[in-house]
DNA sequence: GATAACTTGTTAGCCGGCTAATATACGATA
DNA sequence: TATCGTATATTAGCCGGCTAACAAGTTATC
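Residue numbers (this note's numbering), protein chains in the order written: chain A, 1 to 136; chain B, 1 to 136.
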């Protein structure tokens, strides 16, 4: 059930974001970079709660699309910083527009109270499953 | 948020099911076959709400693991029926045991009322997103 | 009966998730 | 200084989702 909602949501997001030429996962990285440009990969991964190979793969897509650049950290040759290109920065507004559109659909379908409840319950469930083998 | 819960759940399921040598998605197909053996691929896909290429890929895994067999329908040469092998049938009990274990964790963490509420809200959300481009 | 439309399954290829293994680089410590 | 441990990124490869394109069988319709 849970996974069906997620799949439905991702499909919806995918359709919605294809209007600006993005894939569903890429927008979340861009959101992070719009908030704070030049973050390290490992920090982006932590923010999105994914593993480093996953963030790496997603970034390859963004680099390929010319929305983002990689640069070595000056004082640490292990890490790389991720920077928005002009193309990446200029996507901010259209993407946010699309995002609000999606959001409005959700807002229209659920009351404020329902959103609060579901958020709380989902948090509870997340900890339930995540807590089984790993402390969050 | 939603996707994090799903990911957490799938990871949990994956760990849990590796005890009987299965992957997270395979159990759902097996559940269907234990209920009713010999279903067509397209019906299994509909039951699990996935596309035909997806069910096809998942079945290849099950065939490879020797848990399931394919057979042509006698009266329709397009369709194939999926049958449990002995190995597949004999997995029923251990898998159900594992499943109940997982279920108990969820039961322990959420009250009956909470489960009802979240189910209802998730259904609502699913229809929200699914309904955007396609009637269910 | 021939052709068109629909159904079912398969192949190819992409995205987003993971683990395991590897290469480097940095840091701490003997 | 040499070494050992830790942090970061990458590669390879798997699972579960999708779309697009295709092959092949069935059904309907002319």
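Think of the CB as a built atom: it goes at the ideal place given N, C-alpha and C, for glycine as much as any other residue.
- When only Cα atoms are considered, residue 110 of chain B and residue 70 of chain A end up about 44 angstroms apart.
- Distance from the CA of residue 107 of chain A to the CA of residue 116 of chain A, rounded to the nearest whole angstrom, comes to 12 angstroms.
- Taking the Cα positions, residue 23 of chain B is about 15 angstroms away from residue 56 of chain B.
- The beta carbon of residue 118 of chain B sits closer than 8 angstroms to the beta carbons of 110 from its chain, once the five residues preceding and following it are set aside; these are given in chain order.
- Taken through DSSP and simplified to helix, strand or coil, residue 67 of chain A comes out as coil.
- The count of Cβ pairs closer than 8 angstroms, one atom from the region 86-95 of chain B and one from the region 94-101 of chain A, stays below three, leaving the stretches out of contact.
- The beta carbon of residue 80 of chain A sits closer than 8 angstroms to those of 40, 41, 70, 71, 72 and 73, all from its chain and outside the five residues before and after it, given in chain order.
- Counting the other CB atoms within 10 Å of its CB gives residue 12 of chain A a total of 16 or more, which places it among the buried residues.
- For the pair residue 5 of chain B and residue 122 of chain A, the CB atoms are nearer than the 7 angstroms cut-off.
- The bridge partners DSSP lists for residue 72 of chain A are A/80.
- Chain B has a Cβ within less than 7 angstroms of the Cβ of residue 122 of chain A.
- Taking the Cβ atoms as the reference, residue 88 of chain A lies roughly 7 angstroms from residue 30 of chain A, within the contact range of under 8 angstroms.
- 105, 106, 109, 110, 114, 117, 118, 119, 121, 122, 124, 125, 126, 128, 129 and 130: these are the residues of the region 102-131 of chain B whose beta carbon lies less than 7 angstroms from some beta carbon of chain A, given in chain order.
- DSSP lists A/81 as the bridge partner or partners of residue 40 of chain A.
- Assignment of residue 61 of chain B by DSSP, reduced to helix, strand and coil, places it in the helix class.
- Pairing residue 8 of chain B with residue 129 of chain A gives a Cβ-Cβ distance under 7 angstroms.
- In this model, residue 46 of chain B and residue 3 of chain A are separated by some 15 angstroms (Cα to Cα).
- Distance from the CA atom of residue 76 of chain A to the CA atom of residue 44 of chain A, rounded to whole angstroms, is 17 angstroms.
- One alpha carbon belongs to residue 54 of chain B, the other to residue 60 of chain B, and they sit about 10 angstroms apart.
- Distance check between residue 50 of chain A and each of B/114, B/1 and B/127 places B/1 closest, using alpha-carbon atoms only.
- Residue burial annotation: residue 25 of chain A is buried, with at least 16 other C-beta atoms found within 10 angstroms of its C-beta.
- The contact set of residue 54 of chain B on chain A, defined by CB atoms closer than 8 angstroms, is empty, because the minimum CB distance reaches about 10 angstroms.
- Taking a beta-carbon distance threshold of 7 angstroms, residue 4 of chain B counts as an interface residue toward chain A.
- In the DSSP assignment, residue 1 of chain A falls outside any alpha helix (DSSP H) and carries neither an H nor an E.
- Looking only at A/68, A/15 and A/127, the smallest Cα-Cα distance to residue 105 of chain B is reached by A/127.
- Note on geometry: alpha-carbon atoms of residue 10 of chain A and residue 16 of chain A lie some 10 angstroms from one another.
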